[in-house]
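For reference, the structure is listed below as structure tokens.
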Amino acid sequence: MTKPEHSVSSSFGPSETLDPHHWDDIRAQGHRMLDDMLDYVANVRDRPVWQPIPDTVRSRFREQLPREPSDLSDVYAEFTNFIAPYATGNVHPGFMGWVHGGGTAVGMLAEMLAAGLNANLGGRDHIPIEVERQIVEWTRQMFGFPAEASGIFVTGTSTANLMAVLVARTAALGKAVRQNGLADAGVSLTAYTSTAAHGCIAQAMDLAGFGSHALRKIETDGLDRIDVAALRLRIAEDRAAGLKPFLVVGSAGTVDMGAIDDLRALSALCREEGLWFHVDGAYGALGILSPALAPRLAGLEYADSIALDFHKWGQVPYDAGFLIVRDGERHRQTFSAPAAYLRRETRGLSAGSSWPCDLGPDLSRGFRALKAWFTLKTYGTEKLGAIITRTCALAGYLEARVLAEPRLELLAPVQLNIVCFRYRAADANQVNGDIVIDIQESGIAAPSTTFLDGRLAIRAAIVNHRTDPRDIDALIAAVLDFGARRSSSSGGVRVLNLEQSTPLAM
Ligand SMILES: Cc1ncc(COP(=O)(O)O)c(C=O)c1O
């Protein structure tokens, strides 16, 4: 018997792809998913901010590798029942922990479109890369950087800070450091930031091979801003000891208190000393969009590089970190790595050099720029700036409520959108730590904690555009309620024996 002519193609026919057999079925399912997700965001206030995960739910995600297919509707039912209800909660206006943006329905839709295009933004000549270049250009305009500036989307500011440290290293030691390594420099390089800087700066120094001890953590004033005179002294001491200072990292919005360093003074010092001036503006840099905050960021325009997150105050869905570098050539010199298989052309798909893969370590890169593009175009920077201003006003409202309540104590002046306070109690650290967990478990709000001078603070960072005074009131009521319960149950002596607030529904 002769073989059928098309046996090979028939055994690898259309039914073997991962596309649906019936597009109408997936269309109907997709529309349901879209409607459900829009409802999820629209009705977010009806749900707890966060809820503890039952063991039975957690154990569902310890399954064996699925070898057989499942129906999409069944997989989606699992998402609906066991994933969506147990997310972080930062979509909710009561989420005030850490520094989390709320995202928007517009950003969510853009994510879907980006996934549909499935574009790889490592390189090549296609419009998604032009969209990213458009965001680079808009960011350049925001910060008043020169035309030769470069920029790139990354996961978050931790990565952007690490990349900035590497660019600063190349600027200090020249391109050859990439082949010869640090040892060849024959001198130890030192970097400087404040004690209030985010931990990812020390981690960046570690990952870049300098070691975190090469980062000098300079003391701050009472408002968590770097002491510029002390910084100057330390640089001089290190030079006298034969070390090579190369980098100063300023903060535009410290993680604990929202402090903004004197960026103008830092930039002047860096110019004088010939040091790279990087700004960690994870969330604070976008304060430039708020007419009320922009003057406090004066000096940012002189930075050599800025790291920021569009997913924080920019309300773009996670993740959308960004690095902008004043001197694009230095940026390229740090990361570009010619390879035969990445050859550039002047025509065809390999045109359009330089590519984003020349500006960072990632070759495979998703289309993060699309959700930022949709967000910036749909809302415009004035509206986004007004949201930023409002989050600071809400922090001011929370501060006023704390100051007006004798059972509460403000632990730091409110400078931006972060409020650190605590419930007055005998064993205050223990009690306030418990209060925060109680509130999180109640689903009423989600603050986080930090330590300020050894005192555990309830820390509320107002970042979400949906947060309003009701959420602040709910947080205060919850702190007073759980505080009363905790300090009486721990046998702690109440400092003030005032009337207790009405217990909250659990
Ligand atoms: C000041 C500051 N720097 C850096 C980071 C780290 O940013 P990411 O979480 O995007 O890596 C944060 C995070 O909140 C931050 O507040």
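Here my numbering is used: position 312 in the sequence shown is 377, and no number is missing along the way.
Glycine included, every Cβ here is placed at the ideal spot set by N, Cα and C.
Leaving out five residues before and five after residue i in sequence, what residues of the same chain have Cβ atoms less than 6 Å from its Cβ?
{"i": "threonine 222", "result": "Ala347, Ala372, Asp374 and Gly386"}
{"i": "leucine 83", "result": "none"}
{"i": "glutamate 213", "result": "Gly393"}
{"i": "aspartate 384", "result": "Thr220, Gly221 and His376"}
{"i": "cysteine 422", "result": "Gly187, Gly188 and Leu428"}
{"i": "valine 109", "result": "Val156 and His157"}
{"i": "glutamate 81", "result": "none"}
{"i": "threonine 169", "result": "Gln380"}
{"i": "alanine 267", "result": "Ser277 and Leu280"}
{"i": "proline 117", "result": "Glu506"}
{"i": "serine 401", "result": "Asp423"}
Residues in the same chain with beta-carbon distance under 8 Å from residue i, minus the five sequence neighbours each way, listed in chain order, please.
{"i": "asparagine 562", "result": "Interpretation of asparagine 562 is limited by its pLDDT of 32, a score under 50 that renders its predicted location unreliable; no figure is taken from the coordinates."}
{"i": "glutamate 564", "result": "Because glutamate 564 carries a pLDDT of 33, less than 50, the predicted location of this residue cannot be relied on, and the following value inherits that uncertainty. The answer is none, since no qualifying residue turns up."}
{"i": "phenylalanine 208", "result": "Ala350, Ile353, Leu365, Glu366, Ala368, Ile371 and Ile389"}
{"i": "cysteine 457", "result": "Ser355, Ala357, Leu358, Leu481, Asn482 and Ile527"}
{"i": "aspartate 286", "result": "Asp292"}
{"i": "threonine 454", "result": "Ser355, Pro356, Ala357 and Leu358"}
{"i": "glycine 461", "result": "Val479"}
Please return the same chain residues whose Cβ sits closer than 7 Å to the Cβ of residue i, not counting the five positions on each side in sequence.
{"i": "leucine 272", "result": "Leu227"}
{"i": "valine 232", "result": "Ser370, Val390, Arg395, His396 and Thr399"}
{"i": "isoleucine 200", "result": "Ala434, Ala437 and Trp438"}
{"i": "aspartate 289", "result": "Ala261, Thr319, Asp321, Met322 and Ala324"}
{"i": "leucine 388", "result": "Gly216, Ile217, Val219, Ala225, Met228, Ala229, Ser370 and Ala372"}
{"i": "phenylalanine 147", "result": "Val122 and Arg125"}
{"i": "aspartate 139", "result": "none"}
{"i": "isoleucine 500", "result": "Tyr488, Ile523, Val544, Phe547, Gly548 and Arg551"}
{"i": "glutamate 474", "result": "Phe486, Arg487 and Arg489"}
{"i": "glycine 557", "result": "Note that glycine 557 has pLDDT 42, beneath the 50 cutoff, so the model's placement of it is unreliable and the number below is only indicative. Around glycine 557: Ala490, Ala491, Asp492 and Val496."}
{"i": "leucine 441", "result": "Trp203"}
{"i": "methionine 98", "result": "Tyr141"}
{"i": "threonine 67", "result": "Per-residue confidence for threonine 67 stands at a pLDDT of 49, beneath the threshold of 50, marking its modelled position as unreliable; the derived number appears in the next sentence. Answer for threonine 67: no residue qualifies."}
{"i": "alanine 305", "result": "none"}
Nearest chain C C-beta to residue i closer than 9 Å, yes or no?
{"i": "leucine 231", "result": "The structure shown has no chain C; it contains just one protein chain."}
Does the beta-carbon distance from residue i to residue j come in below 9 Å?
{"i": "leucine 340", "j": "valine 313", "result": "yes"}
{"i": "aspartate 190", "j": "glycine 417", "result": "yes"}
{"i": "leucine 459", "j": "proline 534", "result": "yes"}
{"i": "proline 356", "j": "glycine 450", "result": "yes"}
{"i": "valine 496", "j": "isoleucine 541", "result": "no"}
{"i": "alanine 350", "j": "leucine 334", "result": "no"}
{"i": "arginine 551", "j": "aspartate 503", "result": "yes"}
{"i": "valine 122", "j": "tyrosine 141", "result": "no"}
{"i": "serine 253", "j": "alanine 236", "result": "no"}
{"i": "phenylalanine 432", "j": "alanine 241", "result": "no"}
{"i": "leucine 521", "j": "alanine 493", "result": "yes"}
{"i": "glutamine 505", "j": "tryptophan 115", "result": "yes"}
{"i": "proline 113", "j": "glycine 445", "result": "no"}
{"i": "threonine 145", "j": "aspartate 100", "result": "no"}
{"i": "tryptophan 378", "j": "glycine 154", "result": "no"}
{"i": "phenylalanine 275", "j": "arginine 234", "result": "yes"}
Which residues does DSSP pair with residue i in a beta bridge?
{"i": "aspartate 374", "result": "Gly386"}
{"i": "serine 401", "result": "Per DSSP, none; premise fails for serine 401."}
{"i": "proline 512", "result": "Partner(s): none; proline 512 has no beta bridge."}
{"i": "arginine 520", "result": "Leu517"}
{"i": "aspartate 345", "result": "Ser316 and Ala372"}
{"i": "glycine 216", "result": "Ile389"}
{"i": "phenylalanine 486", "result": "Leu475 and Ile523"}
{"i": "proline 310", "result": "Thr255"}
{"i": "threonine 454", "result": "None; threonine 454 has no bridge partner."}
{"i": "lysine 282", "result": "Thr258"}
{"i": "isoleucine 325", "result": "Ala317"}
Residue i and residue j look like a contact to me (Cβ under 8 Å); what is the Cβ gap, rounded to whole Å?
{"i": "serine 316", "j": "serine 259", "result": "6 Å"}
{"i": "valine 106", "j": "valine 156", "result": "6 Å"}
{"i": "arginine 430", "j": "asparagine 185", "result": "7 Å"}
{"i": "leucine 328", "j": "valine 344", "result": "7 Å"}
{"i": "proline 310", "j": "glutamate 338", "result": "7 Å"}
{"i": "threonine 510", "j": "aspartate 536", "result": "This sequence places alanine at residue 510; threonine is not what is there. Rounded, the Cβ-Cβ distance is 7 Å, consistent with contact."}
{"i": "leucine 298", "j": "threonine 255", "result": "Rounded, the Cβ-Cβ distance is 13 Å, inconsistent with contact."}
{"i": "glycine 283", "j": "isoleucine 291", "result": "The identity of residue 283 in the sequence shown is isoleucine, whereas the question assumes glycine. So it is a contact: roughly 5 Å between Cβ atoms."}
{"i": "leucine 137", "j": "isoleucine 91", "result": "7 Å"}
{"i": "alanine 248", "j": "leucine 238", "result": "Not quite, the Cβ-Cβ distance comes to about 11 Å (not below 8 Å), so this is no contact."}
{"i": "threonine 515", "j": "glycine 498", "result": "Contact doesn't hold; Cβ gap of about 11 Å is too wide."}
Could you check whether the Cβ of residue i sits closer than 8 Å to any heavy atom belonging to ligand 3?
{"i": "asparagine 226", "result": "Within the structure as shown, ligand 3 is missing, the only ligands being ligand 1."}
Problem - Given 8 Å, three or more beta-carbon pairs between the segment 160 to 175 and the segment 526 to 541 - result: yes
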